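Chemist: Right, I'll just put the structure down here and ask away after.
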Amino acid sequence: MDSLNPDHPPLIVTPVASRVWKFWGTSLWGILLFVAMFVGQIGAIVLLVVHRGLPLNLASMQLVGAEPEALALSVTMGLPATLGVAWLAIRIRKASFVDYLALHWPSWKQILLGAVGLIAVVLAWEVVSRSLGREATPGFMTDLLKSGRDRGAAVLLLLSFSVAAPMSEEVLARGFLYRGWSESFLRVPGAILLSSLVWTAVHIQYDLYFLAEVFSIGVWFGYMRYRANSLWLTIVLHALNNMTAVVLTMWLGS
36 MDSLNPDHPP
46 LIVTPVASRV
56 WKFWGTSLWG
66 ILLFVAMFVG
76 QIGAIVLLVV
86 HRGLPLNLAS
96 MQLVGAEPEA
106 LALSVTMGLP
116 ATLGVAWLAI
126 RIRKASFVDY
136 LALHWPSWKQ
146 ILLGAVGLIA
156 VVLAWEVVSR
166 SLGREATPGF
176 MTDLLKSGRD
186 RGAAVLLLLS
196 FSVAAPMSEE
206 VLARGFLYRG
216 WSESFLRVPG
226 AILLSSLVWT
236 AVHIQYDLYF
246 LAEVFSIGVW
256 FGYMRYRANS
266 LWLTIVLHAL
276 NNMTAVVLTM
286 WLGS
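Counting in my numbering, the sequence shown runs without a single skipped number right up to 289 at its last residue.
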């Protein structure tokens, strides 16, 4: 037998180390991603405050941060910070950035299915909002977007909310967090729910009603992320949702 023949030693299969962060690793790096996004956004406001020669305090940051142009820059600067930390975490695991985050382009059928499902979810919440006599868009967002339109910052807000925000939030939620958690004890269903909760927490400025709507949209995005194995799909869906909301609020809202 080969196993007893010194000229033919038995093959030893060395297990390949996992290149995916599991539950706790994903959770800790996820916190760092969230902090990076926050620091990038706040850092943009701080730079504007310093550039204008204002005192570096909370009042000055609130004053500058309320301006549509400053908010657009803040949202945009959260993207490179988020991508940088995600790249570092994936690099440490010696994995492919593209494969880890499932940056594969979906088919048109998958995009169509995702869009139809998103429309159904949004319309369902619209019906509920009307039946309860609620606004379909948070009041402070309506004021911000209309102010941006009037101040000539419409394009900046549209780009920040329709490009930068979807990319940074999807890399965090449906990209990094979903990937690691789906390969832990949570499996796919748990990863979809937990990543949706985290994404909902990013929108903590909303009230409970709108947070429930955000969570339901997040669950649909998570399902499509699983079904299509494509983060680009959820980025596109997220962008379409935000772009539609921005355009309707700015130019069609009463």
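Cβ atoms here follow ideal geometry from the backbone N, Cα and C, with glycine treated the same way. The model shown is predicted, which means the values in this text are computed figures rather than measured ones.
Please report the Cβ distance between W216 and G152, rounded to the nearest whole angstrom; I am assuming they are in contact, meaning their Cβ atoms lie under 8 Å.
Modeler: As a working note, residue 216 is residue 181 in the sequence shown. As a working note, residue 152 is residue 117 in the sequence shown. Rounded, the Cβ-Cβ distance is 22 Å, inconsistent with contact.
Chemist: Are the beta-carbon atoms of L229 and F250 separated by less than 9 Å?
Modeler: Residue numbering aside, residue 229 sits at position 194 when the sequence shown is read from its first letter. Residue numbering aside, residue 250 sits at position 215 when the sequence shown is read from its first letter. No; because the gap between Cβ atoms is not below 9 Å, this pair is not in contact.
Chemist: Using the rule of at least 16 other Cβ atoms within 10 Å of the residue's Cβ for burial, across every protein chain shown, is V70 buried or exposed?
Modeler: For the purposes of this step, residue 70 is taken as the residue at position 35 of the sequence shown. Exposed is the call here.
Chemist: Using the Cα positions of G119 and E204, report the straight-line distance between them to the nearest angstrom.
Modeler: As a first step, residue 119 must be located in the sequence shown, where it is residue number 84. As a first step, residue 204 must be located in the sequence shown, where it is residue number 169. The alpha-carbon atoms of G119 and E204 are separated by roughly 14 Å.
Chemist: By how many angstroms is the C-alpha of L83 removed from the C-alpha of G210?
Modeler: Position 175 of the sequence shown, counted from the first residue, corresponds to residue 210. Position 48 of the sequence shown, counted from the first residue, corresponds to residue 83. One C-alpha to the other measures close to 31 Å.
Chemist: Thinking C-alpha only, which one of S166, G100, R128 is nearest L136?
Modeler: Position 101 of the sequence shown, counted from the start, is the residue given in the question as residue 136. Out of S166, G100, R128, R128 has the C-alpha closest to the C-alpha of L136.
Chemist: Locate the alpha helix (DSSP H) running through L82, then write down its first and last residues.
Modeler: Locating residue 82 in the sequence shown gives position 47, counting from the first residue. Note, L82: alpha helix (DSSP H), 58 to 86.
Chemist: Which class does D242 belong to by DSSP, given the choice of helix, strand or coil?
Modeler: One-based indexing of the sequence shown puts residue 242 at position 207. In this structure, D242 counts as coil in the three-state DSSP scheme.
Chemist: Among E170, G113, L207, which one has its Cα closest to the Cα of A79?
Modeler: Within the sequence shown, residue 79 is the residue found at index 44, counting from 1. If we check each option's Cα against that of A79, G113 comes out closest.
Chemist: On the CB-based measure, 16 or more other CB atoms within 10 Å of its CB, does S166 come out buried or exposed?
Modeler: Within the sequence shown, numbered from 1, the residue matching residue 166 stands at position 131. It is exposed - the Cβ of S166 has fewer than 16 other Cβ atoms within 10 Å.
Chemist: Consult DSSP for E205 and reduce its assignment to one of helix, strand or coil.
Modeler: Within the sequence shown, numbered from 1, the residue matching residue 205 stands at position 170. DSSP places E205 in helix when its eight states are reduced to three.
Chemist: By alpha-carbon positions, which one of V162, F220, P103, Q145 ends up nearest to F175?
Modeler: Numbered from 1 along the sequence shown, position 140 holds the residue referred to as residue 175. The shortest C-alpha separation from F175 is found at P103.
Chemist: So A107 and L192 are supposed to be a Cβ contact under 8 Å. How far apart are they, rounded?
Modeler: The count along the sequence shown starts at 1 and reaches residue 107 at position 72. The count along the sequence shown starts at 1 and reaches residue 192 at position 157. Contact flag correct, Cβ pair sits at about 5 Å.
Chemist: Express the C-alpha separation of H139 and W267 in angstroms, rounding to a whole number.
Modeler: Here residue 267 refers to the residue found at position 232 of the sequence shown. Here residue 139 refers to the residue found at position 104 of the sequence shown. If I take the Cα positions, the gap works out to 6 Å.
Chemist: Express the C-alpha separation of G187 and H238 in angstroms, rounding to a whole number.
Modeler: Position 203 of the sequence shown, counted from the start, is the residue given in the question as residue 238. Position 152 of the sequence shown, counted from the start, is the residue given in the question as residue 187. When rounded, the distance between both Cα atoms is 26 Å.
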